[in-house]
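For the record, the sequence lines run as chains A and B.
The first sequence: position 111 = 111 (the numbering used here), numbered continuously.
The second sequence: position 21 = 1021 (the numbering used here), numbered continuously.
We put the CB at the ideal spot given by N, CA and C, even for glycine.
Since this is a predicted model, take the numbers as computed values, not measurements.
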Amino acid sequence: MDISALFFALVAIVAVVSALLVVTCKNPINSALSLIMTFFCIATFYVMLHAPFMAAIQVIVYAGAIMVLIVFTIMLLNIRTDANRKAFHNTALGTVLGIMTLLLASTFLARGKIIDLPGVITPELIQQVGHTELIGTVMFTEFILPFEVTSILLLSAIVGAVVLSKRNLS
Amino acid sequence: MDNLSNYLVLSAILFSIGTIGVLVRKNVIVMFMCIELMLNAVNLTFVALSRHLGNLDGQIFVFFTMTVAAAEAAVGLALIIAFFKNRESIDANDANLMKW
Chain A
1 MDISALFFAL
11 VAIVAVVSAL
21 LVVTCKNPIN
31 SALSLIMTFF
41 CIATFYVMLH
51 APFMAAIQVI
61 VYAGAIMVLI
71 VFTIMLLNIR
81 TDANRKAFHN
91 TALGTVLGIM
101 TLLLASTFLA
111 RGKIIDLPGV
121 ITPELIQQVG
131 HTELIGTVMF
141 TEFILPFEVT
151 SILLLSAIVG
161 AVVLSKRNLS
Chain B
1001 MDNLSNYLVL
1011 SAILFSIGTI
1021 GVLVRKNVIV
1031 MFMCIELMLN
1041 AVNLTFVALS
1051 RHLGNLDGQI
1061 FVFFTMTVAA
1071 AEAAVGLALI
1081 IAFFKNRESI
1091 DANDANLMKW
């Protein structure tokens, strides 16, 4: 077992354990902190997959922006964790359905065949040109229309958030 | 390449954990966080396959998924706050107006 496989196993275990903690922790703030841990593990995987720009975006957008928003909401709502109130429902059925999802995905993975169709983007090219530049070239030439549509999506999200958080619409 | 199937299995596991969380938890904010977890599992699949195929299209997709997730976070948390203002609760079982 070489060192990268060992590192992969270590980070994978941390990711799965913290994902389980997201589900099992009763206090939402503990869930949020575990989710940040999972996001950092996924960012580590992106670095291992030679995608450093995606890792940076993962840390900035997910672990930074989205999680700050979630933690802020938890703080604003100031929910008291009631000990006598149940935090879970339908535990058995939900777990069975989740495991069935896992079995379905594993069946697809076991039956599917991974094709070897090596493209032009190799780790050497990423090392040489830089990942951000490669992403930028593709995004602003081939994917310029989806990129522009994204801005409309963000605008509508801003308008939606403002409308929803107004107290009374008249 | 055995490395790729490791990543795919890992993201299948993370996705299933997210599914269990959405189905099992009652707290709306935790359900929301589990949805983010599922989105991240899919993103990991995209990046792993993109690396394997030597093609950047999957990573562009991840970029767009992240944008959608950010928009979803803004609108979803505003919805949760509006729900809390109405019901004084963030329990998913209290949203029972359309329950059959």
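Candidates the options: closest to residue i by CA position
i	options	result
A/Ala157	B/Leu1097, B/Leu1044, B/Ile1020 and B/Leu1079	B/Leu1079
B/Phe1063	A/Thr107, A/Gly64, A/Phe72 and A/Phe53	A/Phe53
A/Pro171	B/Asn1093, B/Leu1097 and B/Ile1060	Residue 171 of chain A cannot be examined here, being either before or after the span of chain A that is shown, 1 to 170.
B/Leu1010	B/Ala1048, B/Lys1026, B/Arg1025 and B/Val1022	B/Ala1048
A/Val17	A/Ser34, A/Ile79, A/Phe7 and A/Ala110	A/Ser34
A/Asp116	B/Trp1100, B/Gly1076, B/Arg1051 and B/Ala1069	B/Arg1051
B/Gly1018	B/Val1028, B/Tyr1007, B/Glu1036 and B/Phe1083	B/Glu1036
B/Asn1040	B/Thr1067, B/Trp1100, B/Phe1083 and B/Ser1089	B/Thr1067
A/Met139	B/Ser1005, B/Asn1055, B/Asn1003 and B/Asn1086	B/Asn1055
A/Thr137	B/Met1031, B/Val1042, B/Asp1057 and B/Lys1026	B/Asp1057
A/Lys86	B/Asp1091, B/Val1075, B/Asn1086 and B/Ser1005	B/Asp1091
Proximity below 9 angstroms, CB of residue i to CB of residue j
i	j	result
B/Ala1073	A/Ile60	no
B/Ile1081	A/Leu154	no
B/Phe1015	B/Met1033	no
B/Ala1012	A/Ala63	no
A/Leu97	B/Leu1023	yes
Neighbouring residues, chain B, relative to residue i (Cβ below 7 angstroms)
i	result
A/Ala157	Ala1071, Ala1074 and Val1075
Neighbouring residues, chain E, relative to residue i (Cβ below 9 angstroms)
i	result
B/Asn1055	Among the protein chains in the structure shown, which are A and B, there is no chain E.
Where residue i meets chain A, residues with beta-carbon distance less than 9 angstroms
i	result
B/Ala1082	Leu164 and Ser165
B/Val1030	Val22, Val23, Cys25, Pro28, Ser31, Ala32 and Ala87
Cross-chain neighbours of residue i in chain B, by beta carbon under 8 angstroms
i	result
A/Lys86	Lys1026
A/Met139	Ile1060 and Phe1063
Under 9 angstroms from the C-beta of residue i: neighbouring residues of chain B
i	result
A/Gly136	Here the premise fails: no neighbours, minimum Cβ distance about 10 angstroms.
_Does the contact criterion of 3 or more C-beta pairs under 8 angstroms hold for the region 11 to 21 of chain A versus the region 30 to 47 of chain A?_
In short, these stretches touch, since the Cβ pair count reaches three.
*Touch test, the region 44 to 61 of chain A against the region 116 to 133 of chain A, Cβ-Cβ under 8 angstroms, three pairs minimum*: Contact between the region 44 to 61 of chain A and the region 116 to 133 of chain A is present, with at least three C-beta pairs closer than 8 angstroms.
*Along the region 117 to 128 of chain A, what residues have a CB closer than 7 angstroms to any CB found in chain B?*
Within the region 117 to 128 of chain A, the residues whose Cβ lies closer than 7 angstroms to some Cβ of chain B are Leu117, Pro118, Gly119, Val120, Ile121 and Thr122, listed in chain order.
*Just by C-beta distance, which residues in the region 29 to 56 of chain A are closer than 7 angstroms to chain B?*
So the list reads Ser31, Ala32, Leu35, Thr38, Phe39, Ile42, Phe45, Tyr46, Leu49, His50, Ala51 and Met54, given in the order they occur along the chain.
*Contacting positions in the region 91 to 107 of chain A - beta carbon closer than 8 angstroms to chain B*: Within the region 91 to 107 of chain A, the residues whose Cβ lies closer than 8 angstroms to some Cβ of chain B are Thr91, Leu93, Gly94, Thr95, Leu97, Gly98, Ile99, Thr101, Leu102, Ala105 and Ser106, listed in chain order.
_Counting only Cβ-Cβ distances shorter than 8 angstroms, please list the residues of the region 1030 to 1054 of chain B near chain A, keeping chain order._
For chain A, the residues of the region 1030 to 1054 of chain B that bring a beta carbon within less than 8 angstroms of one of its beta carbons are Val1030, Phe1032, Met1033, Cys1034, Glu1036, Leu1037, Asn1040, Asn1043, Leu1044, Val1047, Ala1048, Ser1050, Arg1051, His1052, Leu1053 and Gly1054, in chain order.
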